[in-house]
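As C-alpha cells, the structure follows; a few thoughts come after it.
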Amino acid sequence: MSQKQPCLLIVEDDVGLQSQLRWSFEDYDLVMAGDRPTAISLLRLHQPAVVLQDLGLPPDASGTTEGFATITEILEEAPHTKIIVVTGNGDRDNAVKSIGSGAYDFCSKPLDLEVLRLIVDRAFRVHELEAENRRLRSHSPAVFEGIIGSSKAMLDAYRMVEKVSPSNATVLLLGETGTGKELFARAVHRLSSRRDGPFVAINCAAIPENLLEAELFGYEKGSYTGAHKQTKGKIELAVNGSLLLDEIGDMPLSLQSKLLRFFEERVVERIGGREVIPVDVRIICATHQDLPALIREGRFREDLFYRISEVTVRLPPLRERAGDAVTLARHFLEQAATRHGRAVRGFTAKALKAIAACPWPGNVRELENAVNSAVIMADEKQIGLEALNLGAIGEDILDLHKVRSDAERRALQKAMTQAGGNLSQVASLLGISRPTIYDLLDKHGLKRPSGAE
Ligand SMILES: Nc1ncnc2c1ncn2[C@@H]1O[C@H](COP(=O)(O)OP(=O)(O)OP(=O)(O)O)[C@@H](O)[C@H]1O
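In UniProt numbering, the protein residues as written are 1 to 453.
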C-alpha cells in the first residue's frame, strides 16, 4: 500500500524535528536525510517530487552554506524537484535567497505544521501538473501541433482527447465559436489508427438545406436536374478516415433521421441510388449550440444526440484559460510578423494587460484577427493598446469583472433585439439555455419579454 504514496524527502539534522515531521506527514512515503551526501543518494534512489530541507546542515549547522549547496546539488541532479526550505525565525534574507537559488517555497521556524502541510501538498500538485504538461508536450508534439495553451482547462481537454482518440467512439466537441473545435477534431484524427486515412470536414450550417443531403450522402447520375455524374458524398469520401460534422446543431430536422440511420447501421444510400453502401468512418461532431435546449424545443432529435455524444469534450472559452490569451497573442504576433515581413517585436505592457483582461467573446479567432491587423497596421516595433483596437475594453482593463459583465450585457441586449424578444432564438444565438437567459436577464436588471415565464 505504501508504495503508492508519493515520496517526500526530508533533509533535517535535528532528530527531534525529524520525528515531529514524521508524525505530521504520515500519509507520505517519508525518507529522511541528516546531511547533503545522504540527501543526494536518497534523491537518486527514490526520486521524490518534493524535498523539505533545512538550511542549517552539518558541517555548517549554524550557517547556511551547506544548505544552499544542497539546494544547488538537488536541482542539478533533478531540476524539476520542488524544494521547500525551512529557514530560521524571521530570516527573510535567506528565504528570498533560497527562492533565488531555485527553491519552490519556504517556511520559517517555529514550524506551523498546518501551513507547512498545505505548502507540501500544493508542491506535489504543482509538480504533478508540470510533469503532465511536459509529458503532453514531449509525447506527441505533432498531434497537438498548432494548438497553443497550457492552462489547466486546456490540459484537461488534451488529456480527454488523448484518451478517447484511439477508440472508435463518436466524439462531440462543444465550445463557443473560435475555441478551436476544428483544430481538436484534427487532433482526434491524428491520434487515432485512422491517421493515414482522410480527414473530411463539412460545415452543416454553411450549406443550404436542399444541398446538404447531396453533400453528405452523394448522388447518382440523373437523380435530379444538374446531377451530371455519379458523385460520392462527404461520408463516403471519409471512408477509413474521420468525418467532422461541424455545427451539427444546425442539421435540419428533415436530415436528422437519415443521419441517424447512418449512425446506427453504418451504411449510406446515395440520392437516387438503390445500393446500400457500407462505410467505415469515425465521426466527430462539433457545435457551439446547447443541444439539450434544442431537443426541448423539438429542433434536435434526442436519439441522434445520444448517438453523437458517446464522449463529449468541452473546449473552454478563452476567458476561462488563465494565461493562454497572452501566450496565444505572442504566437500570433510572431506568425503575422513573419508572414507580412514586419519588424514587430512584441506588445507594450498595457497591451498585454488588456489582452489578459479582455473577455474575447469571439475567442481565439477574435484574438488572432486583432493581433493580425495590429501587426499589419503597426508603425512601432511594439504593439500598443490602441493598435489592438479593443474599444471600451482597453479603457478600464483593471476591473475584469466589470469588463466581462459589460460584454455579457451587451451581447444579451444585442441578441434580444435581433430575436425580437423570442427567447428560444436568443438562446440559440448566444448558444446558452433558456434558464441561463432568465438568470442573465435578472442579473443585469433587464426586463423579461412579456409572456415569458
Ligand atoms: N488553442 C489554439 N491555438 C492556436 N490557434 C488556435 C487555437 N484555437 C483556435 N485557434 C485558431 O483560431 C481559429 C478558429 O479555430 P477553429 O476554426 O478550430 O474554431 P472553432 O471552434 O471550430 O470555431 P467555429 O465554431 O466558429 O467554427 C483558427 O484560425 C485556429 O487556427
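Virtual Cβ for every residue (Gly too), placed ideally from N, Cα, C.
- For Lys258, there are no CB contacts under 6 Å within the same chain when 5 residues up- and downstream are skipped.
- If only uninterrupted alpha helix (DSSP H) runs of at least 4 residues are considered, those enclosed by the UniProt domain "Response regulatory" (7-124) are 15-24, 36-46, 65-77, 92-100.
- Val279 carries a coil assignment under DSSP once its states are collapsed to helix, strand and coil.
- Under DSSP, Val313 takes part in a beta bridge, and its partners are Leu173.
- In the DSSP assignment, Phe263 falls outside any beta strand (DSSP E) and lies within the alpha helix (DSSP H) extending over 253-265.
- Taking every protein chain shown into account, the CB of Thr64 has 16 or more other CB atoms within 10 angstroms, so this residue is buried.
- Distance from the CA atom of Leu253 to the CA atom of Pro208, rounded to whole angstroms, is 13 Å.
- Between Val364 and Val161, the C-beta gap is not smaller than 8 Å, which leaves the two residues out of contact.
- Taking the Cβ atoms as the reference, Leu55 lies roughly 11 Å from Ile84, outside the contact range of under 8 Å.
- Secondary structure note for Ala205: it is in no alpha helix (DSSP H), with a DSSP letter that is neither H nor E.
- Partner residues in the beta bridge of Thr287, as assigned by DSSP, are Leu174.
- Between ligand 1 and Ile355, a heavy atom-to-CB distance of less than 7 Å is absent.
- Take the alpha-carbon of Val126 and the one of Glu264: they are about 44 Å apart.
- Classified as exposed, Ala206 has fewer than 16 neighbouring CB atoms from the shown chains inside 10 Å of its CB.
- Cα atoms of Glu76 and Ala69: separation of roughly 11 Å, rounded to the nearest angstrom.
- For Ala370 and Lys229, the gap between their C-alpha atoms comes out near 44 Å.
- For the 8 Å CB-CB criterion, Ala415 and Leu429 form a contact.
- Taking C-beta atoms as the reference points, Ile147 and Leu174 fail to come closer than 8 Å.
- Exposed is the label assigned to His46, since fewer than 16 other Cβ atoms lie within 10 Å of its Cβ.
- By a beta-carbon distance limit of 8 Å, Asp290 contacts Ile432. Their separation comes to about 6 Å.
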